[in-house]
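Participant: Below you'll find the structure I mean.
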Amino acid sequence: MSKSRQAIHRLDYTPPAFLIDRVDLNFELDETATRVTSRLVVQRNPKVASADAPLTIDGEDLTLESVKLDGALLTPAQFELTPSSLTLPGIEQDAIIEIVTRLNPAANTQLMGLYLSNGNFFTQCEAEGFRRITYYLDRPDVMTRFTTTIIADKTRFPVLLSNGNRVGEGVLDRNRHWVKWVDPFRKPAYLFALVAGKLVSQTGQHTTSGGKTVHIEVYVEPGDLDKCEHALAAAQKAMRWDEERFGLVYDLDTYMIVATSDFNMGAMENKGLNIFNTKYVLAKPDTATDADFDGIDSVVAHEYFHNWTGNRVTCRDWFQLSLKEGLTVYRDQEFSSDIGSRAVARIQNVRTLRELQFAEDAGPQAHPVRPDSYLEINNFYTMTVYEKGAEVVRMIATLLGRDGFRKGMELYFRRHDGQAVTCDDFVAAMADANNADLEQFKRWYSQAGIPQLDCSSDYNEAARTFTLTVRQSCPPTPGQPEKLPFHIPLALGLVDRRGHDLPLQLDGETMPGGTTRVLELREAEQSFTFVNVPCPPVPSLLRDFSAPVRLDYPWTQDDLIFLVACDSDAFCRWEAANTCASRLLKELYLAAARNEKIVLPAGFIDSLRCLLTEPELDPALVALMLELPGERTLLEEIDSVDPGLLQQVCQSVKQQLARELRAELLIRYAQLNDGEPYRYDSIEVAQRSLKNVCLSYLAELDEPMVGEMLANQYARADNMTDRLAALKALVNRDGGEAQLADFAARWQDDALVMDKWFTLQATSRRPGALSRVEKLMDHPAFSLRNPNKVRALISAFCQQNLAHFHAADGYGYAFAADRIIEIDKSNPQIAARLASCFNRWPRLEPKRQAMIRAELERISTTENLSNGTFEIVSKALQA
Ligand code: BES
Ligand code: ZN
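According to this note's numbering, the sequence shown holds residues 285 to 1163 in order.
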């Protein structure tokens, strides 16, 4: 093994021996030789008894030019330099350290630290990128006041940005200029940012509840200025919302967003200077889909919300990541629910959670929301930390109520503003503000795995009682064979035979209280008896998905169809449809595996028919209910699965439904395809979503008329949502070569639209997908160095095209392994993410398992493999 593979453990945390009071940074920007001068005012941490500990600071891929201690230049014998650190002995109480480093941004292909994108400079410092800029105590519990001076060529880099307020600027010799920034708020280094380049901005304002004006600036490359309006409006909406919902007001005079097309992630919350992937900034109806617009709203809100939940109060160490990410995802989800449809947002979030987080939590990478150890922190920006973390925060809100949750937030900020804290501190603030006991609840932070609720019920006609019994369990996960019971909020209602919610009165209560109740589970098995229940009800369980669990209850198919029609909880209505479809698909899969044929039950078809023809229903909800469960979710629920067969079964069900519902689909499509000009508002978005679901069903019919419909929608669309929906169907049906060529010709200069073009082909179910993907890697618009391109083509193929990725010949696996090894050399973070495409191998049939194991072995024994990729692959091998 060529690298050291040292795991970091949560329980090894010790506070820093030194603190940094101030840092003054000076950047002389140059593409291949940037000079960074850093002046640190350090002092011993008064809370740590370590009078003689030396000062060791982090650094990576840097050339050290000089070190001064209290003004005196040190000779190499006076400090110790390793590839990852600089150690200065002999500091007594405090010191001023001046360090000059040189670095090469043009050679930075990892996109961590200071790098170039289309000739402009950007930084990315979370989690541990600042150490690639200068030597520093690069840990989130060291919070410092930053001053930054940037010097660069005036013509090529007219815009020079950093955190905080611009306090000075001027010109220098050799056509250079400088700008100085002061950030008045203490922050950890991971929130540092610098941007320099030829950028233009769209600006707007927000007036705070206190009457202060905040200037909002969205910076993009010159050709993109016509695509900033939505992001700017999103920032304004987010500012208003956070004031109204949580009383949280922005704290600087300017809020800047800068877009770059080379970015490992979605976006980053650097103080006052958020840096975004162009995907989450640039949009106009011609080039962005409705989903893209929604994505911009939620990512802009998310990064903006971090200003309080992440920046003002930050993480003590990276094990506490969910402290900021889970909470901020919860906040952005709530924002999206409030500006759009709450039910639709909830269903979409649950779908993502089930498809991605559940798979993670059941596989080799399963880890608690607050992990216990890691090899590479970048691997822990996971669905569990983010999405399950958000569910954990949501459960606290469910248990405490909306006002109780807000009180908890207020106490959290009163106690911890300006500090670096832990998940325990957050829970303590919530508990203390409400006099609540959340001790058992904290197991959600420490125990991994998806809890399983097995429910049964008993109706006693004579006593008019309904008893619900719930048994909870949680499967073993790596390192955690046994689990203790969780504290689980289980929201439920009881629906009578006329479809009305019954008032709920628990045994022992004198009066009924509401029609939805939150039961609190704390034990392995519990029973709840409701009294005055006049007839046997159908239970509506886990309303609004009140906990991230799997729930089983012996509903009959008729019960489910009844709930689809009657449940007052929109989530449960969708869930009933989803449970019905998913049971059916699993049965059909097993039948197909035995070479048997099953016809679709008429009741199921009729319930979908009702949804399609009922004009009163919200079209967005109908669209969601018509969409069949995804193959990735089904894969989790079938043992020894053949993904190719699963895809065939799903497709054939869709085809049968299309035949049965042909008339209704055509009518609904025609009604919704009204030729009105495009508008992005919730009514129009909902209608387009249903229209395009109808279209995707109709596209399963092998009729020339359908081909014409698709070609028409493609040709006539005045927006990307409709155009892409038609093209997707065409590509799956008959190749759509003419339209694919037309699309590329039209959008060859728009990188984000070309990403869609790559993804369409990578996810096509027609034969030959892999060889088309391989050919597309030579397309002039493709680059293995650009994360968006890798995601659009390669990750899309490996993660979303199950039938082809899992092709029986194993070529899909070899292709993925080759790309992982190749990308690991330039950008290990992206390679490690791609490597998780193999995680679910134990669910597959034995032949595929063996082929994947061989590829995992091949990757793991590659020389100089990064720690990040090694960590993912070696865990997968232990599964
Ligand atoms: N802090 C993260 C960005 C980040 C992630 C930096 C990983 C370093 C490593 C940011 O707030 C974030 O969470 N971004 C998400 C999008 C968000 C809407 C969930 C992302 O980039 O995917
Ligand atoms: Zn975040």
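Backbone N, C-alpha and C fix where the C-beta goes; we use that ideal spot for every residue, glycine too.
(1) Decide yes or no for the touch test of the region 437 to 450 against the region 354 to 367: beta carbon pairs closer than 8 Å, at least 3 of them.
(2) Go ahead and label L788 buried or exposed: buried means 16 or more other beta carbons lie within 10 angstroms of its beta carbon, across all protein chains shown.
(3) Let me know if G403 comes out buried or exposed under the rule of 16 or more other beta-carbons within 10 Å of its beta-carbon.
(4) With the cut-off set at 8 Å, would you say L910 and V990 are in Cβ contact?
(5) Just tell me which of E501, Q1083, P389 and G531 has its CA closest to the CA of G556.
(6) Please indicate yes or no: does the CB of E609 lie closer than 7 Å to some heavy atom of the ligand ZN?
(7) Taking 7 Å as the line, does the beta carbon of T799 fall inside it for any heavy atom of the ligand ZN?
(8) Comparing the CB of T612 with every heavy atom of the ligand ZN, is any distance shorter than 7 Å?
(9) Sorry if obvious, but does the Cβ on H461 come closer than 7 Å to a heavy atom of the ligand BES?
(10) Just to confirm, does E618 get its C-beta within under 7 Å of one of the non-hydrogen atoms of the ligand ZN?
(11) What is the rounded straight-line gap between the Cα of L372 and the Cα of T359?
(12) Going by Cα to Cα distance, which pick from Q971, A1160, T1146 and V584 is closest to D574?
(13) Going by the C-beta, is H1090 closer than 7 Å to any heavy atom of the ligand ZN?
(14) Have a look at E880, L835, A747 and K881 and flag the residue whose alpha-carbon is nearest the alpha-carbon of N816.
(15) Output the residue ranges of the beta strand (DSSP E) runs that lie fully inside the region 1039 to 1113 and measure 3 residues or longer, sorted by chain position.
(16) Could you name each continuous beta strand (DSSP E) segment of 3 residues or more that falls completely within the region 789 to 874, going from the start of the chain to the end?
(17) Alpha carbons only, please: which of L483, R294, D721 and N561 is nearest the one belonging to E505?
(18) May I ask whether a heavy atom of the ligand BES can be found less than 7 Å away from the beta carbon of T587?
(19) With 16 as the cutoff for other CB atoms within 10 Å, does N862 come out buried or exposed?
(20) According to DSSP, is S757 part of a helix, a strand, or is it coil?
(21) List in chain order: all unbroken beta strand (DSSP E) runs of 3+ residues lying wholly within the region 389 to 424.
(22) For H461, which beta-bridge partners are listed by DSSP?
(23) According to the Cβ coordinates, are S1165 and T682 closer than 8 Å?
(24) Would you mind working out which of P762, L752, C819 and A849 sits nearest L803, comparing C-alpha positions?
(25) So, is D354 buried or exposed, given that buried needs 16 or more other C-beta atoms within 10 angstroms?
(26) Please tell me whether, using a cut-off of 7 Å, the distance from the CB of N412 to the nearest non-hydrogen atom of the ligand BES is below it.
(27) From the DSSP output, which residues share a beta bridge with D742?
(28) Ordered along the chain, which non-local residues of its own chain (more than five positions away) have a Cβ less than 6 Å from that of E1106?
(29) Grouping DSSP H, G and I as helix and E and B as strand, with all else coil, what is Q649?
(30) Measuring straight from C-alpha to C-alpha, what distance separates T1145 and A1138?
(31) For G1152 versus A1116, is the C-beta spacing smaller than 8 Å?
(32) Do you know offhand how far Q756's Cα is from C739's?
(33) To the nearest angstrom, how far is it from the Cα of C409 to the Cα of K1040?
(34) By how many angstroms is the C-alpha of K1059 removed from the C-alpha of H293?
(35) Does DSSP classify Q327 as helix, strand or coil?
(36) So what does DSSP say about S350, is it helix, strand or coil?
Facilitator: Concretely, from the data shown:
(1) no
(2) In the sequence shown, the residue the question calls residue 788 occupies position 504. So L788 counts as buried.
(3) For this step, residue 403 is matched to residue 119 along the sequence shown. By the 10 Å Cβ count, G403 comes out exposed.
(4) On the sequence shown, residue 910 is found 626 positions in, with the first residue counted as 1. On the sequence shown, residue 990 is found 706 positions in, with the first residue counted as 1. Going by C-beta atoms, L910 is not nearer than 8 Å to V990.
(5) Along the sequence shown, read from residue 1 onward, the residue named residue 556 stands at position 272. When each option's Cα is compared against that of G556, the closest is E501.
(6) The residue you call residue 609 lines up with position 325 of the sequence shown. Checking every heavy atom of the ligand ZN against the Cβ of E609, one is found closer than 7 Å.
(7) As a working mapping, residue 799 is identified with position 515 in the sequence shown. It does not: the Cβ of T799 is nowhere closer than 7 Å to a heavy atom of the ligand ZN.
(8) On the sequence shown, residue 612 is found 328 positions in, with the first residue counted as 1. T612 Cβ: within cutoff of the ligand ZN.
(9) Position 177 of the sequence shown, counted from the start, is the residue given in the question as residue 461. No; taking the cut-off as 7 Å, the Cβ of H461 has no heavy atom of the ligand BES nearer than that.
(10) Indexing the sequence shown from 1 puts residue 618 at position 334. False, no ligand heavy atom lies under 7 Å from that Cβ.
(11) Taking the first residue of the sequence shown as position 1, residue 372 is located at position 88. Taking the first residue of the sequence shown as position 1, residue 359 is located at position 75. So the alpha carbons of these two residues sit roughly 11 Å apart.
(12) Within the sequence shown, the letter at position 290 stands for residue 574. Considering only alpha carbons, the answer is Q971.
(13) For the purposes of this step, residue 1090 is taken as residue 806 along the sequence shown, with counting starting at 1. No, since every heavy atom of the ligand ZN falls outside the 7 Å radius drawn around the Cβ of H1090.
(14) The residue labelled residue 816 in the question sits at position 532 within the sequence shown. Of E880, L835, A747 and K881, the residue nearest in Cα terms is A747.
(15) none
(16) 801 to 805, 809 to 814, 822 to 825 and 834 to 836
(17) Within the sequence shown, the letter at position 221 stands for residue 505. Among L483, R294, D721 and N561, the Cα nearest to that of E505 belongs to L483.
(18) On the sequence shown, position 303 is the one that residue 587 refers to. Residue identity differs from the one stated: residue 587 is Glu in this sequence, not Thr. It does: the Cβ of E587 is within 7 Å (strictly closer) of some heavy atom of the ligand BES.
(19) In the sequence shown, residue 862 corresponds to position 578, counting from 1. Buried, since its Cβ has 16 or more Cβ neighbours within 10 Å.
(20) Numbered from its first residue, the sequence shown carries residue 757 at position 473. In this structure, S757 counts as strand in the three-state DSSP scheme.
(21) 397 to 401 and 404 to 408
(22) Here residue 461 refers to the residue found at position 177 when the sequence shown is read from its first residue. DSSP, once it has assigned bridges, lists A436 and V455 as partnering H461.
(23) Beyond the ends of the chain as shown, which are 285 and 1163, falls residue 1165; an answer cannot be given.
(24) As a first step, residue 803 must be located in the sequence shown, where it is residue number 519. When only C-alpha atoms are compared, the closest one is L752.
(25) In the sequence shown, counting from the first residue as 1, residue 354 sits at position 70. Exposed is the call here.
(26) Counting from 1 along the sequence shown, the entry for residue 412 is found at position 128. Residue identity differs from the one stated: residue 412 is Glu in this sequence, not Asn. Not so, every heavy atom of the ligand BES lies at least 7 Å from the Cβ.
(27) By one-based count along the sequence shown, residue 742 stands at place 458. Bridge partners of D742: T751.
(28) On the sequence shown, position 822 is the one that residue 1106 refers to. Same-chain partners within the cutoff: there are none.
(29) The residue you call residue 649 lines up with position 365 of the sequence shown. DSSP places Q649 in coil when its eight states are reduced to three.
(30) In the sequence shown, the residue the question calls residue 1145 occupies position 861. In the sequence shown, the residue the question calls residue 1138 occupies position 854. Whole-angstrom Cα-Cα distance: 11 Å.
(31) Counting from one through the sequence shown, the residue named residue 1152 turns up at place 868. Counting from one through the sequence shown, the residue named residue 1116 turns up at place 832. The answer is yes: Cβ separation under 8 Å.
(32) Locating residue 756 in the sequence shown gives position 472, where the first residue counts as 1. Locating residue 739 in the sequence shown gives position 455, where the first residue counts as 1. Going by the C-alpha atoms only, they are around 9 Å apart.
(33) Start at 1 with the first residue of the sequence shown, and residue 409 comes out as number 125. Start at 1 with the first residue of the sequence shown, and residue 1040 comes out as number 756. Cα-Cα distance, rounded: 28 Å.
(34) Counted from its first residue, the sequence shown places residue 293 at position 9. Counted from its first residue, the sequence shown places residue 1059 at position 775. Whole-angstrom Cα-Cα distance: 44 Å.
(35) Position 43 of the sequence shown, counting from 1, holds the residue named residue 327. Residue state, collapsed to three classes: strand.
(36) One-based indexing of the sequence shown puts residue 350 at position 66. Three-state DSSP puts S350 in a strand.
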